[in-house]
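**Student:**
Protein chains: 2
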Amino acid sequence: MEQSQLCPRFEKALEILSKRWTAKIVYQLQSGPQRFVWIENSLPNLSGKVLSERLKELEAEGIIQRDVYPETPVRIEYQLTDKGKAFAPLFKEISSWAEQWVELPPTPEE
Amino acid sequence: MEQSQLCPRFEKALEILSKRWTAKIVYQLQSGPQRFVWIENSLPNLSGKVLSERLKELEAEGIIQRDVYPETPVRIEYQLTDKGKAFAPLFKEISSWAEQWVELPPTPEE
DNA sequence: AATCTTAGTTACATAAAGTAAGTGATAAAG
DNA sequence: CTTTATCACTTACTTTATGTAACTAAGATT
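First to last, the sequence lines map onto chains L and B.
Those letters in the first sequence? Residues 1 to 110, by full-length UniProt numbering.
Those letters in the second sequence? Residues 1 to 110, by full-length UniProt numbering.
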């Protein structure tokens with residue numbers, strides 16, 4: 001009985017996307033460079049601890065770039081690299097799948 | 001300071017995709033109806049316990065369908081619904097992103 | 001009766017994520 | 001100058017999610 005074998009590049013991409021918060025962070029950065037606290041506030045329930053981990057991972061993957069502005073207090077901005085920006089068509093696909101197939105639960109009346 | 005607000009459908013889609021194993025299971029099912037053990041074997045490190053949870057979730061989302069064939073021993077097959085098949089273009093996008101941007105680590109020489 | 005199959009479930013152990021308090025550098029306020 | 005404030009994180013601790021391995025149920029085979 002043989003195993004289906006995934007293309008390793010594809011598998012890597014899936015792993016990036018399937019990791020909790022990663023896709024949301026990348027999506028959030030599509031709107032431009034942002035600081036730590038801004039990203040944190042824009043994603044409810046994402047803790048600073050995990051955000052910090054994810055930003056490091058994404059930087060290591062070359063998907064985002066970390067820029068330090070030695071002002072006072074220091075300003076640090078995260079932005080997508082070309083590799084990160086290249087996710088755009090993918091988000092578009094997710095979006096059109098969602099529009100066609102996701103049913104929203106009825107808004108509860110108060 | 002206002003928060004960026006995700007479209008709830010889009011967010012739902014992201015949540016489905018970002019949940020560990022979900023995307024891989026759906027991708028695996030793109031090749032046709034499959035039984036529990038087959039899916040389990042095709043995805044290394046996925047435990048039967050989590051597979052069982054995910055299949056229930058995906059069925060509840062209407063992304064897969066569970067068919068029971070009362071043979072002996074019973075045969076149960078999982079297959080994508082139209083909603084699940086509609087992920088195909090998304091996988092294609094992931095794939096083309098991966099081909100363009102994912103660098104493979106050099107194969108270690110023995 | 002003991003054994004085999006499939007499709008799971010259960011109990012327990014480990015890993016990942018959430019929470020809240022703390023750090024270090026700098027500056028402005030009292 | 002000592003306290004307070006800001007930002008970008010860490011650290012210690014708790015809760016949740018996942019992995020592992022053994023077990024169950026129902027019918028067929030030996």
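Just so it is clear, CB atoms sit at the ideal spot from N, CA and C, and this is done for glycine as well.
1. Could you give the residue range of the alpha helix (DSSP H) that holds Leu90 of chain L?
2. Examine chain L for any beta-carbon lying closer than 8 Å to the beta-carbon of Lys24 of chain B, and answer yes or no.
3. Give the list of continuous alpha helix (DSSP H) stretches no shorter than 4 residues that lie fully inside the stretch 21-89 of chain B.
4. Quick one: list the residues of chain L neighbouring Ala60 of chain B, beta-carbon separation under 9 Å, in chain order.
5. By the 10 Å Cβ neighbour count, where 16 or more other Cβ atoms means buried, how is Gly32 of chain B classified, buried or exposed?
6. In three-state DSSP terms, what is Leu6 of chain B?
7. Can you name the residues of chain L whose CB is closer than 8 Å to the CB of Gln100 of chain B?
8. Thinking just about the alpha-carbon of each residue, which of L:Val102, L:Gly84, L:Glu93 is nearest to the one in Gln30 of chain L?
9. Classify Glu103 of chain B as buried or exposed, calling it buried when 16 or more other Cβ atoms lie within 10 Å of its own Cβ.
10. By the criterion of Cβ-Cβ separation under 8 Å, what are the contact partners of Ile76 of chain B in chain L?
11. Mind listing the chain B neighbours of Ile94 of chain L? Cutoff is C-beta to C-beta under 8 Å, in chain order.
12. Which residue wins for smallest C-alpha separation from Pro105 of chain L, given the options B:Glu40, B:Tyr78, B:Glu61?
13. Taking the C-alpha atoms as reference points, what is the distance between Ser42 of chain B and Pro73 of chain L?
14. Below 8 Å, how does it come out for the stretch 47-66 of chain L and the stretch 48-67 of chain B: are there three or more Cβ pairs, yes or no?
15. Hey, does Arg20 of chain L have any beta-carbon neighbour from chain B nearer than 8 Å?
**Tutor:** Let me spell this out:
1. 88-101
2. yes
3. 22-29, 36-42, 48-60, 82-85
4. Chain L residues near Ala60 of chain B: none, gap ~12 Å exceeds 9 Å.
5. exposed
6. coil
7. Ala86
8. L:Gly84
9. exposed
10. Simply none; closest approach about 17 Å.
11. Phe10, Ala13, Leu14, Leu17, Leu90
12. B:Glu61
13. 51 Å
14. no
15. yes
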